[in-house]
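Everything below concerns the one structure shown next.
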Amino acid sequence: MAVESRVTQEEIKKEPEKPIDREKTCPLLLRVFTTNNGRHHRMDEFSRGNVPSSELQIYTWMDATLKELTSLVKEVYPEARKKGTHFNFAIVFMDLKRPGYRVKEIGSTMSGRKGTDDSMTLQSQKFQIGDYLDIAITPPNRAPPPSGRSCYAAFDVLKLMIFVAQPPKCYDYSIYYHAWLKKLKLGMRVTTLMGR
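Structure (structure tokens):
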């Protein structure tokens, strides 16, 4: 006798996140690292048990929104309260496939303006307890970095030439620059340029 599944597509769809009862649920310790130059920390700054010195420790819940985290950071850094200050959020997590850490940009907020990422939660971005949060803060008088994975964004030829002269220390760049060098037919391997 065969058993037939009667699960419909509607039942398979994800249920919306259930709100966390903050009165009954213990908060987690969120280790936050900030920069005020608009760029995220390099991954080598998290290697061998080290972490960047600009650490904030926040007790919060998995349903904390980026806007909520922005307001907590602004309480600590008065210069970040200026209207137009840009906050770019990334999760830094241990890479299980190879030694070291990886970064995943998750969204951005801006002081004094509503944005599409304001209501994004840690839980919705698959944040896990033990991960770090890296926030690149850009003052209002400077343009924010390009959206998306800014540290891996494709560079124009001039920036590529600068890279050839002085490669970055983050080993994750090699894949993306190798593709650019191949496209430009320079005939060199990034691993050679990076001294590996």
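Each residue of the sequence shown is one higher than the one before, starting from 2 at the first, in our numbering. Backbone N, C-alpha and C define an ideal beta-carbon position, used for all residues, glycine too. A quick note: this is a predicted structure, and the numbers were derived from the prediction, not measured.
In terms of residue numbering, what span does the alpha helix (DSSP H) encompassing residue i cover?
i	result
L30	Careful: L30 lies outside any alpha helix (DSSP H), inside the beta strand (DSSP E) at L29 to T36.
S72	L67 to V77
Could you pull the start and end residues of the beta strand (DSSP E) that residue i belongs to?
i	result
S120	No beta strand (DSSP E) contains S120, which DSSP labels as neither H nor E.
F88	H87 to M95
G108	Y102 to M111
T139	Y133 to T139
I59	E56 to T61
Do you know how far the Cα of residue j is from the Cα of residue i?
i	j	result
S48	S55	15 Å
L208	M63	In this structure the chain extends from 2 to 197, so residue 208 is not present and cannot be described.
Y78	T66	19 Å
P20	T71	20 Å
K75	L97	33 Å
R114	I138	15 Å
K127	K105	10 Å
Verify whether the separation of the beta carbon atoms of residue i and residue j is less than 9 Å.
i	j	result
T35	I107	no
D118	S109	yes
T86	P53	no
F94	R82	no
K68	S125	no
**Message:** Whether or not the segment 19-29 and the segment 79-92 are in contact is what I'm after, with contact meaning three or more pairs of Cβ atoms, one per stretch, closer than 8 Å; do they touch?
**Reply:** no
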